[in-house]
Amino acid sequence: MGKRRLWNGVLVAGIALGLGAGACGDVTSDSSDHVKVEAQKCVTCHLPDYQNAKAPPHVDALPTDCAKCHTEKAWSPATFVHSWPLVGVHATLVCQNCHVGDPPKYVGTSRLCYGCHQKDYEGSPYPGHQTFPTTCENCHSQVAWKPASPVEHPWPLLGAHSSAPCSGCHVGNPPVYKGTPKICSACHIDDYNSSPFPGHQDFPTSCQDCHNTIAWKPASPVDHPFPFTGAHANTPCLSCHVGNPPVYKGTPTECYGCHAADYASSPYPGHQGFPHTCDTCHNLVAWKPASPLNHPFPLDGKHATTACNNCHVGNPPVYKGTPSDCWSCHQNDYNSSPYPDHQTFSHTCTDCHTTNGWVPASGTGHPEDKFPIKSGKHSKFACADCHDASLGSTGKGNTNCIGCHTNAHTKSKMDSKHKDVKNYPANTSSVNYCLDCHPKGKH
């Protein structure tokens, strides 16, 4: 049987395993005589695997240090330490793509891109690479061989240029690269000469003043005398630059230069007495609606959507001298209001009304100290719920507590309940006598 061996705690016969003496360490009853498994070489057991390996062949090509590529978790697949990282497309290739021959060659295989990609270099027509260095990584990446991204281009290939074929600028057969101009007009001179909107004859050839690499159109003149924002951003050049050919030099830059017709024909309001500084009321977002910036009071709330001729009446409408107080426009509302009747009220409409809405009024003129309606149980009622116009014009005289507090609060029931109350106005004709004792509507 030969000497007995210990393998993973199990005594086995060395000869039965086919192992020579000392292959895995002689075992005796003395533990000090043990040879650690870690000290053994993998190839001691895996020599047949090494000798028979075909993908790739290991004999004379790879060292016998199995642990460099194999792990104890699994013999296959091997995890080898390549001389440079296999990332991108390289991670999906089989070894024989680069290690050619029969058997494949490993030792001495070139690590340069050009070593494998020489045919790509020599056969490339777009562009012809004859004048290029053989450092492929200058333009190609491991993510994909195509498209290439020239990192040494004399200017960044951004925007639309990033997807333009090299032959778009580098013309000829073979294409010319060395000496190709870098200025925009060298490629875009036909665009410059043939552009009708606007005609470029009086423009400089520095295309980048108005165009960018994101897209040739639409152009955005960066040296325009005022910013193209709001509605102007979508206005064609010929709307302001008129004529055949269009006139650019000397075109007015003030609003009135283009908007004189709008000024002259505006009926709401007629602009005859207005200055020509359109931007006082109009903005670049939209010509209409206008927002008078010098109005004597802020046009907020409902006033923001009210037509000018609602307050500025006449034909033509009158603007200068138009009163700015609320009562001047809301006099009819004041005179005709039944709930409550306003005859004894002041003309300061803002005491009760706001610009958010004429109705309902906020009742800020109510005698809160005597009878609060902004808080408590009465805050949710409308004026007419308590003030009965049929009982009088306004104020305390037309309030009818019993009109709301029915059932348990009828006149007869209240008289009976208060019969022991001193000075209770029994049989009184007043409908709001409750307030004599309950001035704030509380028990």
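For the sequence shown, counting from 1, position 276 maps to 278 in this note's numbering; every step adds exactly one. Backbone N, C-alpha and C define an ideal beta-carbon position, used for all residues, glycine too.
Classify residue i: buried if its beta carbon has 16 or more other beta carbons within 10 angstroms, exposed otherwise.
i    : result
C439 : exposed
E370 : exposed
H60  : buried
P300 : exposed
A363 : buried
C406 : exposed
T81  : exposed
H155 : exposed
P129 : buried
T350 : exposed
T30  : Since pLDDT at T30 reaches only 43, below the 50 mark, its modelled position is unreliable, and no value is offered.
S33  : Note that S33 has pLDDT 48, beneath the 50 cutoff, so the model's placement of it is unreliable and the number below is only indicative. The residue in question, S33, is exposed, as its Cβ has fewer than 16 Cβ neighbours within 10 Å.
T412 : exposed
T401 : buried
H297 : exposed
N425 : exposed
H226 : exposed
I375 : buried
M3   : Since pLDDT at M3 reaches only 36, below the 50 mark, its modelled position is unreliable, and the value read off the structure follows with that caveat. M3 comes out exposed.
G125 : exposed
For residue i, report the span of its alpha helix (DSSP H) as first-last.
i    : result
N358 : Premise fails: N358 is in no alpha helix (DSSP H) and is neither H nor E.
D335 : 328 to 338
L437 : 436 to 439
G110 : Where G110 is concerned, there is no enclosing alpha helix (DSSP H), given that its DSSP letter is neither H nor E.
Q53  : 45 to 54
C212 : C212 -> no alpha helix (DSSP H), and no H or E assigned at all.
I185 : Here I185 belongs to no alpha helix (DSSP H), and DSSP marks it neither H nor E.
Y258 : 257 to 267
K413 : 413 to 419
A386 : 385 to 388
What do you reckon, are the CB atoms on residue i and residue j nearer than 7 angstroms?
i    : j    : result
P238 : P200 : no
A292 : H305 : no
H163 : A150 : no
G303 : T357 : yes
G232 : L159 : no
A221 : H213 : yes
S187 : Y194 : yes
Q98  : P105 : no
T66  : V89  : no
C100 : C118 : yes
T94  : G161 : no
C1   : H48  : This structure leaves residue 1 out entirely; the chain is present only between 3 and 445.
Using only alpha-carbon positions, find the residue among the options that is nearest to residue i.
i    : options                : result
P340 : Y250, G117, A386, N358 : A386
H261 : K251, G252, H273, Y250 : H273
P269 : K251, Y250, H314, G303 : H314
C403 : K419, H380, N214       : H380
K415 : T215, C436, T401       : C436
Y116 : F230, D104, G161, N140 : N140
F228 : A188, K219, T253       : T253
Y250 : C331, H202, H234       : H202
I185 : N175, S208, D264, S196 : S208
N236 : N246, S348, K219, P294 : K219
K43  : P152, L240, T73        : T73
P319 : G275, N334, H332, C138 : G275
K372 : P206, F205, P441, C71  : P441
P177 : S165, F134, D204       : F134
W2   : H131, S392, Y265, S85  : The structure shown does not extend to residue 2, since the chain is modelled only from 3 to 445, so the question has no answer here.
P127 : K70, C354, P167, S196  : P167
L393 : T94, V361, H243, D343  : D343
V244 : D192, F230, F205, P198 : P198
D165 : S196, Q132, A217       : Looking at the sequence provided, one finds Ser at residue 165 rather than Asp. Per the Cα distances, A217.
D335 : V361, A55, N311        : V361
Is residue i near the ligand SAH - that is, is its Cβ less than 6 angstroms away from at least one heavy atom of it?
i    : result
C189 : Of ligands this structure carries none, so the ligand SAH is not represented either.
Establish whether the CB of residue i and some CB of chain C are separated by less than 7 angstroms.
i   : result
F82 : Among the protein chains of the structure shown there is no chain C, as only one such chain exists.
When you compare the segment 271 to 288 with the segment 252 to 263, are there three or more beta-carbon pairs, one atom per stretch, that lie closer than 8 angstroms? yes
Does the pairing of the segment 145 to 155 with the segment 170 to 178 give three or more beta-carbon distances under 8 angstroms? no
Does the segment 67 to 81 come within contact of the segment 102 to 115, defined as at least 3 CB pairs closer than 8 angstroms? no
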